[in-house]
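**Q** Residue 138 in our numbering is what sits at position 138 of the sequence shown, and the numbering runs on without skipping anything. My questions all concern the structure below.
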Amino acid sequence: MKTKSLVLAGCIALLSFTFAGTAAAADTKIEQALRDLDAKWSAAAGAKDIDKTVSYYSEDAAVMPPNAPSAKTREAIRSAWKEMLTTPGAAISWKATKVEVAKSGDLAYVSGTYEETMTDASGKPVKDRGKYVEIFKKQADGTWKVVADIWNSDLPASASASAPSEKR
């Protein structure tokens, strides 16, 4: 009887470790997929592909740039990106440094750093760097879309206040 109990307890422990390992592997897979997705998104913005850049947002997304009102409609988000990406001399890129996936597997956040160059009112290039947070939600079709996007500069307010408010 004692032997059967020990064997049963051992099997239960082994199964729990197996399932925990499977969940961790699934999370790692999702994290990597989101890192890859974020890198592709950055590349689309860097290539100034407005349509592709906007396609990463869900239909009900909110974009919250610094020193500007939030964009809460697809048209407003597209307009904001168009303004940012068509500015002469604009260049932008970002890189994820952390990805966290909810236990439910349908929500995640990505945070990281960005670098951009923009042109000030006098036509002089201004470099900026900062950090961002994106909230991704898994869609019914299995794709991941951004539902919330916010960023801000690491530069002092005086330096960034004169620069246009751009994504990352």
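We put the beta carbon where it would ideally sit given N, CA and C, even for glycine.
1. Considering only C-alpha positions, which residue in the set T73, W41, V146 and A47 is nearest to T87?
2. Quick one: using the 10 Å Cβ neighbour count with 16 as the cut-off for buried, is S55 buried or exposed?
3. Within 8 angstroms, do at least three Cβ pairs link the stretch 35 to 42 to the stretch 118 to 130?
4. Can you list, in chain order, the residues of its chain with a C-beta nearer than 8 angstroms to that of F144? Leave out the 5 residues immediately preceding and following it.
5. On the CB-based measure, 16 or more other CB atoms within 10 Å of its CB, does G142 come out buried or exposed?
6. Within the chosen definition, does the stretch 86 to 103 reach the stretch 114 to 122 through at least 3 CB pairs nearer than 8 angstroms?
7. Whole angstroms are fine: how far does the CA of V110 sit from the CA of E134?
8. Helix, strand or coil, according to DSSP, for L85 in the structure here?
9. Quick one: is G105 buried, meaning 16 or more other Cβ sit within 10 Å of its Cβ, or exposed?
10. Beta strand (DSSP E) containing T117: first to last residue?
11. DSSP three-state call for S153: helix, strand or coil?
12. Would you call the CB atoms of T113 and K98 closer than 7 angstroms?
13. To which residues of the same chain is S79 closer than 8 angstroms at the C-beta, ignoring the five residues directly before and after it?
14. Please report the distance separating the alpha-carbon of D149 from that of D49.
15. Which residues bound the alpha helix (DSSP H) around T53?
**A** Based on what the coordinates show:
1. To locate residue 87, count along the sequence shown from 1; it is residue 87. Ranking T73, W41, V146 and A47 by CA distance to the CA of T87 puts A47 first.
2. Residue numbering aside, residue 55 sits at position 55 when the sequence shown is read from its first letter. S55 comes out exposed.
3. Note that the stretch 118 to 130 does not touch the stretch 35 to 42; fewer than 3 beta-carbon pairs, one per stretch, sit closer than 8 angstroms.
4. The sequence position of residue 144 within the sequence shown is 144, counting from 1. The amino acid at residue 144 is misidentified as Phe; the sequence shows Trp. For W144, where only same-chain residues beyond five positions count, the Cβ hits under 8 angstroms are A33, L34, L37, A108, F136, K137 and K138.
5. Residue 142 sits at position 142 when you count from the first residue of the sequence shown. With fewer than 16 other Cβ atoms inside 10 Å of its own Cβ, G142 counts as exposed.
6. Touching, yes, given that three or more Cβ pairs across the two stretches are closer than 8 angstroms.
7. Position 134 of the sequence shown holds residue 134. Position 110 of the sequence shown holds residue 110. Near 5 angstroms, if we compare the C-alpha coordinates of V110 and E134.
8. One-based indexing of the sequence shown puts residue 85 at position 85. Reduced to three states, the DSSP call for L85 is helix.
9. As a working note, residue 105 is residue 105 in the sequence shown. Exposed, since its Cβ has fewer than 16 Cβ neighbours within 10 Å.
10. Indexing the sequence shown from 1 puts residue 117 at position 117. T117: member of the beta strand (DSSP E) spanning L107 to T119, first to last residue.
11. Counting from one through the sequence shown, the residue named residue 153 turns up at place 153. Strand, per DSSP.
12. As a working note, residue 113 is residue 113 in the sequence shown. As a working note, residue 98 is residue 98 in the sequence shown. The Cβ atoms of T113 and K98 lie no closer than 7 angstroms to each other.
13. Translated into positions along the sequence shown, residue 79 becomes position 79. For S79, where only same-chain residues beyond five positions count, the Cβ hits under 8 angstroms are A71.
14. Here residue 149 is taken as the residue at index 149 of the sequence shown, counted from 1. Here residue 49 is taken as the residue at index 49 of the sequence shown, counted from 1. Distance between the alpha carbons of D149 and D49: 18 angstroms.
15. Locating residue 53 in the sequence shown gives position 53, where the first residue counts as 1. T53 -> alpha helix (DSSP H) spans I50 to V54.
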